[in-house]
Amino acid sequence: MKRRHVLGATLLAAIPSFGRAQAYPERPLRFVVPYAPGGSTDTSARIVAEKLAALLGQPVIVDNKPGGSTIIGTDIVAKAKPDGHTILLTPAALIVNIAFGVAVPYDVDKDLMPVVSFVDLPILLAAANNAPFKTVAELLAWPKSNPGRPIAYASAGVGALTHLWGEYVKAKTGLPLEHVGYKGSAEALRDVIAGHVPLFSDVLVPTATAIRAGQVRGLAVAMAKRSELLPDVPTVSEAGLPGTEGTIPFGISVPGGTPVAIVMRLNTAFNEALADPATRRKLLELGFIPVGGAPQDYANVLTSEIAKWRAVIKDSKIPPPS
Numbered sequence: 401m402k403r404r405h406v407l408g409a410t411l412l413a414a415i416p417s418f419g420r421a422q423a424y425p426e427r428p429l430r431f432v433v434p435y436a437p438g439g440s441t442d443t444s445a446r447i448v449a450e451k452l453a454a455l456l457g458q459p460v461i462v463d464n465k466p467g468g469s470t471i472i473g474t475d476i477v478a479k480a481k482p483d484g485h486t487i488l489l490t491p492a493a494l495i496v497n498i499a500f501g502v503a504v505p506y507d508v509d510k511d512l513m514p515v516v517s518f519v520d521l522p523i524l525l526a527a528a529n530n531a532p533f534k535t536v537a538e539l540l541a542w543p544k545s546n547p548g549r550p551i552a553y554a555s556a557g558v559g560a561l562t563h564l565w566g567e568y569v570k571a572k573t574g575l576p577l578e579h580v581g582y583k584g585s586a587e588a589l590r591d592v593i594a595g596h597v598p599l600f601s602d603v604l605v606p607t608a609t610a611i612r613a614g615q616v617r618g619l620a621v622a623m624a625k626r627s628e629l630l631p632d633v634p635t636v637s638e639a640g641l642p643g644t645e646g647t648i649p650f651g652i653s654v655p656g657g658t659p660v661a662i663v664m665r666l667n668t669a670f671n672e673a674l675a676d677p678a679t680r681r682k683l684l685e686l687g688f689i690p691v692g693g694a695p696q697d698y699a700n701v702l703t704s705e706i707a708k709w710r711a712v713i714k715d716s717k718i719p720p721p722s
């Protein structure tokens with residue numbers, strides 16, 4: 401697959417159609433979310449859609465199209481008319497699918513154009529209350545007094561970004577981590593709370609709720625700064641795992657061939673929406689970090705994330721998710 405910088409080059413090379421951009425948007429926007437309604441990602445889209453509608457002067461209708469590991473919803477936008485009226489909440493699964501080489505019915509480089517980084521969902525490391533370590537320092541020291549014994553860690557499933565992050569930490573630290581994949585984060589969290597698995601690689605929400613309730617112990621958040629939801633949990637750098645920062649990145653994309661002037665109009669609107677104090681507060685309460693930036697910034701994120709996780713998959717010999 402070609403590198404994502406091709407998308408950035410497409411943006412730079414295209415000739416803006418200012419007449420069309422001035423008339424844009426001419427009708428309601430369809431905001432395709434490749435997840436089922438009711439989840440936190442869907443909620444984040446609806447929060448921003450409300451502000452976006454006020455900024456653009458047209459309704460922004462969230463259209464949930466789950467299924468196929470987000471491929472179904474992504475394909476709908478990839479094949480839509482490139483006029484800016486169909487936009488995609490680009491899932492982090494797009495990165496995983498490309499990194500694993502999963503066959504998809506669209507050409508990511510040609511059929512999608514990056515608009516903006518949307519939100520990041522931080523990864524965190526948690527431990528069962530009965531785990532033999534209460535801090536990252538104790539975790540790192542444990543194998544020395546228990547040679548040859550593996551440390552099981554749970555994740556939402558084989559091939560999930562939280563699984564890949566666990567393998568990334570394993571490679572960085574030399575910890576004898578042994579992955580236990582579940583069918584979703586909720587199932588994994590139940591077993592960690594019950595003390596069946598000592599470690600948990602997950603996203604900030606809903607595990608932050610379990611940490612605040614004292615059901616599990618937060619060891620580190622994979623962020624450069626502490627989370628507002630878990631101010632007492634150290635960052636990975638503070639805890640002793642420098643260089644292991646990681647998030648689940650979501651973006652906004654439109655069909656390939658969308659006029660650059662329209663892409664930039666959307667980019668401006670999304671940046672304004674994400675910077676709005678009330679909108680930002682609601683997203684932070686959900687556990688998301690509002691991002692924003694230029695289209696090329698999001699293209700760069702995709703390029704770097706795909707390369708990073710592709711290397712982890714290869715080095716750790718992780719099979720593609722079934």
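Taking the numbering used here, the leading residue of the sequence shown gets 401, the next gets one more, and so forth.
All C-beta atoms, glycine included, are put in the ideal place defined by N, C-alpha and C.
- In the assembly as shown, R427 is an exposed residue. Its beta-carbon has fewer than 16 other beta-carbons within 10 Å.
- Spatial neighbours of Y582 in its own chain (CB-CB distance under 8 Å, excluding positions within 5 residues in sequence) are listed in chain order as A554, S555, A556, G557, A588, D591.
- A check of alpha carbon separations from A423 across E685, F518, A661, V691 identifies A661 as the nearest.
- In its chain, beyond the 5 residues on either side, L561, P649, L702, E705, I706, W709 have a beta carbon closer than 8 Å to the beta carbon of I495.
- The shortest C-alpha to C-alpha distance from H596 to any of A445, A528, A493, A478 is the one to A528.
- Residue pairing for D520: DSSP places it in a beta bridge opposite P649, I689.
- The Cβ atoms of G643 and K572 sit closer than 8 Å to each other.
- Between P425 and the set V432, A669, R680, A531, the nearest pair of CA atoms involves A669.
- Ranked by how close their Cα comes to the Cα of G656, the residues P598, P505, G484 have G484 in first place.
- Between V633 and R626, the alpha-carbon positions lie close to 7 Å from each other.
- In this structure, V536 places its C-beta atom within 8 Å of the C-beta atom of A639.
- The beta carbon of K481 lies closer than 8 Å to those of P655 in the same chain, with the five residues before and after it left out.
- M513 carries a strand assignment under DSSP once its states are collapsed to helix, strand and coil.
- Remark: C-beta atoms of L666 and P690 do not approach each other more closely than 8 Å.
- Look at D715 here: in three-state DSSP terms it is helix.
- Below 8 Å, too few C-beta pairs join the stretch 672-686 and the stretch 461-476 to call them touching: fewer than three.
- Within the same chain, P550, I551, A552, Y553 come within 8 Å of E578 by CB-CB distance, once the 5 residues on both sides are set aside.
- The beta carbon of G559 sits closer than 7 Å to those of V496, F500, I718, P720, P721, all from its chain and outside the five residues before and after it, given in chain order.
- A buried status is given to N671, since no fewer than 16 other beta-carbon atoms sit within 10 Å of its beta-carbon.
- According to the DSSP secondary-structure assignment, R430 is paired through a beta bridge with I461, T486.
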